[in-house]
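Visitor: Listed in order, the protein sequences are those of chains B and Z.
Oh and the first sequence: position 1 is 1 in our numbering, straight run, nothing missing.
Numbers in our numbering are just positions in the second sequence, counted from 1, shifted up by 168.
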Amino acid sequence: MSDCASFREQMLKAEPAELRGEGESPLVRHVRDCPTCARAAALLLEETTRLDAFLADAPPLDVEAVLARAGVGTRGIATRGAAQQPLPLRLGARRLQPRRWWAPLAAAAALAGLLLFRAPDLTRTPSPGAAARELPELPLVEASADQDVAVMPTDDPDITVVWIFTKG
Amino acid sequence: MVVTAPAQADEIGQALVRKARDGDPDALRILVERAYPTVRRWALVQTGDPTEADDLTQDVLVHMIKRLDTFTGASRFTTWLYTVTRNAALDRLRRSETRSRKLEDPRVHADLSPAVADDPATATDRSHLRTVLRAYFDELPERQREVFDLADLQGIPSPEIAERLGIEPVSVRANLFRARRTLRARILADHPELAEEWS
């Protein structure tokens, strides 16, 4: 037992293999014979293994999320330039898309529908400030044959938005 | 796609990296899958905090993908990846320090981990892991932690560690001895019954 203090010191810097009892060094021979030092060596190995297990225990990774964050699409890394400057490139890509000719027509139809539903509301519930005034007449709008018109009343009875746009 | 495979970064070959760099999406996925466990481990060693490590891992993997074209093949892929991880960790640390200086919030200094909405079980696991890591690593400088993990836990030879960390092999040995001494003394100190038997 008197040698244990020096072997304890050796244990602090020993190779893991020596703690496992591999080889024939004085430390290995002592650990084989001394139950206390053998217990200490086993404890050091056990705690090291535990630390290793903690470090190795990685939670599952969502690879697709990482790829998406890196700006990599289904075609692989070739698109990664988009991630380095995501906003301008994406905006650029959007500009390159073909114009949707039907979009203004759809918007006009939706607005016209909205106008038809909203117009009676204007007559029924004027704002307090406008109550004493006459209801505004919708302006007369003339559009050429290749133009469409959308008229949008606002909460302000004095303001009506008229949108004239070219078809197609 | 969810990956639970063990550490496989050492299996990353130049051919796989080349394919990923050339735009092969499957190769890129495999590369990320294989790099992940290793990067996450390094991140955990460097930060000592599981939440910070997860964030850092994501940063590193994204950075790895974006900077893949800077890997020339002159060194091992793991060496290159380790440099990427270290730089990302340092950058993150710098940003955290800047943020905490700006905020002058003592809570930031006490715990750098961001608030996350973990479920109770995960939060308990993370709290336990944080405690264990602090118990082991708090007294070790970052370099000693790295060397101890690479040498004694992962069994990587000293010359390779030296290459990976960009230091001399003799420095690897010196850091390893200091790390072992500190860690093992701490472990033994937590078991006073052994000290009694020795005395």
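C-beta atoms are modelled at their ideal positions from N, C-alpha and C, and glycine is treated no differently.
Predicted model, so just to flag it, every value in this text is computed and none were measured.
1. Distance cutoff 8 Å, beta carbons only. Does residue 54/B sit that close to anything in chain Z?
2. Does the beta-carbon of residue 255/Z have 16 or more other beta-carbons within 10 angstroms, so that it is buried, or is it exposed?
3. If contact is defined by three or more beta carbon pairs under 8 Å, each pair taking one atom from either stretch, is the segment 29 to 36 of chain B in contact with the segment 345 to 355 of chain Z?
4. Suppose contacts are defined by Cβ-Cβ distances below 8 Å. Is residue 326/Z in contact with residue 341/Z by that definition?
5. In whole angstroms, what is the alpha-carbon distance linking residue 263/Z and residue 226/Z?
6. Between the segment 1 to 20 of chain B and the segment 38 to 49 of chain B, do three or more beta carbon pairs fall short of 8 Å?
7. Please check if any C-beta of chain Z sits within less than 8 Å of the C-beta of residue 58/B.
8. Under 8 Å: do the segment 316 to 323 of chain Z and the segment 45 to 64 of chain B share three or more Cβ pairs, one atom per stretch?
9. Cβ of residue 233/Z within 8 Å of Cβ of residue 108/B?
10. Using C-beta distances below 8 Å, list every residue in its chain close to residue 208/Z, excluding the 5 sequence neighbours before and after it, in chain order.
11. Compute the beta-carbon to beta-carbon distance between residue 253/Z and residue 228/Z, rounded to the nearest angstrom, for a pair I have assumed lies under 8 Å.
12. Are the C-beta atoms of residue 83/B and some chain Z residue less than 8 Å apart?
13. Ignore the nearest five residues each way along the sequence and tell me which others in residue 317/Z's own chain have a CB closer than 7 Å to its CB.
14. Give a yes or no on whether 8 Å exceeds the smallest Cβ distance from residue 42/B to chain Z.
15. Tell me where the beta strand (DSSP E) around residue 148/B begins and ends.
16. Taking a contact to mean a Cβ-Cβ separation below 8 Å, would you say residue 315/Z touches residue 329/Z in this structure?
Guide: On the basis of the data shown:
1. yes
2. exposed
3. no
4. yes
5. 16 Å
6. yes
7. yes
8. yes
9. no
10. 221, 222, 225
11. 5 Å
12. For residue 83/B, the predicted structure reports a pLDDT of 39, less than 50, and the residue's modelled location is therefore unreliable. A value from the coordinates is still provided. Yes, its Cβ sits closer than 8 Å to a Cβ of chain Z.
13. 213
14. no
15. 147 to 153
16. yes
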